[in-house]
Amino acid sequence: MKLLKHVALVSGLSAVLLAGCGGGGDGGAGTPVLSGVAAVGAPIVGGTVSVTCAGGSAMSATTLATGAWQVTTSGQTLPCAVRVTGGTVGGAANNTPYHSIAINFGTVNITPLTDLIVANLGGATPATWFGGINASTLQAITPARISAALQMVSDALGMTATLSGANPLTTAFAATNGELLDDVLEALAAAGASHQAL
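Numbering that gives the first Met the number 0 numbers the first residue of the sequence shown as 0 and each following residue consecutively.
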């Protein structure tokens, strides 16, 4: 798979982001809520967030002006696959779906960076992966597999040091300039890095 081959697109990424500051803490396990930010370097506003878990009914939410979203779970079984579609970015229509994965309740962000992690984790385009998920495929997703996918993406983009321990999936952040993860997303957008391009 050609997913992570063309790292030349983002060869300058680390230098662009060295001035970035840290984000918030990871979402805690055990809470009955999934929440986070849907952003691409700017918030995805009015997007539809769809959450499908290994067990329980599907859930949905709409992103706010900040890109924030939240669903309150009720009997759902982790892991959960998450997708945002539609909405607007900077006033323009968002025509690209983005995906993420949650293995704990708490924070789960949805961004182009989490899209890359999902593509690596699922071995397919994120849209294909999301369309084919079921209980068994979700239950096969382990913390070790997610860590390996995150490490591979970080290494391929040359930003392991830049992230400084921040987890794109679970570190709370605001979609504003000066936030480490937001600055990473802006640099990714400027470099044209996506699962389609890499």
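Beta carbons: idealized from backbone N, C-alpha and C, even for Gly.
Cβ shell of residue i (< 7 Å), same chain only, five flanking positions each side left out
| i | result |
| --- | --- |
| H194 | The predicted position of H194 is uncertain, since its pLDDT is 46 and thus under 50; a value taken from the coordinates is nonetheless stated next. Counting only Cβ-Cβ distances below 7 Å, and skipping sequence neighbours, we find L2, D114, L115, A118, T124 and P125. |
| N93 | I43, G46, G85, G86 and T87 |
| F129 | A80, R82 and H98 |
| A134 | A53 and G54 |
Neighbour-count burial assignment, residue i, 16 or more Cβ in a 10 Å radius
| i | result |
| --- | --- |
| G26 | No answer about G26 holds up, because its pLDDT of 41 lies below 50 and its placement is not dependable. |
| C20 | Caution is warranted here: a pLDDT of 34 is assigned to C20, below 50, making its placement in the model unreliable, and no coordinate value can be reported. |
| A147 | exposed |
| G105 | buried |
| A60 | buried |
| A186 | buried |
| A143 | exposed |
| G164 | exposed |
| T71 | exposed |
| G121 | buried |
| A91 | exposed |
When the options are compared against residue i, the one with the closest alpha-carbon
| i | options | result |
| --- | --- | --- |
| G55 | S153, P31, P142 and L149 | P31 |
| N166 | L33, I140, V183 and N176 | V183 |
| T76 | G89, G90, A57 and A91 | A57 |
| Q69 | L179, G177 and A171 | A171 |
Residues near residue i by beta carbon distance below 8 Å, same chain, minus five either side
| i | result |
| --- | --- |
| A188 | V39, G40 and P111 |
| Q198 | Outside the shown range of the chain, which is 0 to 197, sits residue 198, and nothing can be said about it. |
| T175 | D181 |
| S153 | T159 and L162 |
Short Cβ contact (8 Å threshold) for residue i with residue j
| i | j | result |
| --- | --- | --- |
| L168 | N108 | yes |
| A67 | V48 | no |
| N149 | A101 | The residue you asked about is not Asn; residue 149 is Leu in the sequence shown. Not closer than 8 Å, so no. |
| T95 | A173 | no |
| T51 | I140 | no |
Contacts around residue i, its chain only, beta-carbon distance under 6 Å, and the 5 residues preceding and following it disregarded
| i | result |
| --- | --- |
| G74 | G55 |
| request: List in chain order: all unbroken alpha helix (DSSP H) runs of 4+ residues lying wholly within the segment 108-150. | output: 111-121, 125-130 and 134-138
| task | Just list the beta strand (DSSP E) runs in the segment 35-122, keeping only unbroken ones of 3 residues or longer that don't cross its boundaries, in chain order. | result | 47-54, 58-61, 67-71, 76-84 and 97-101
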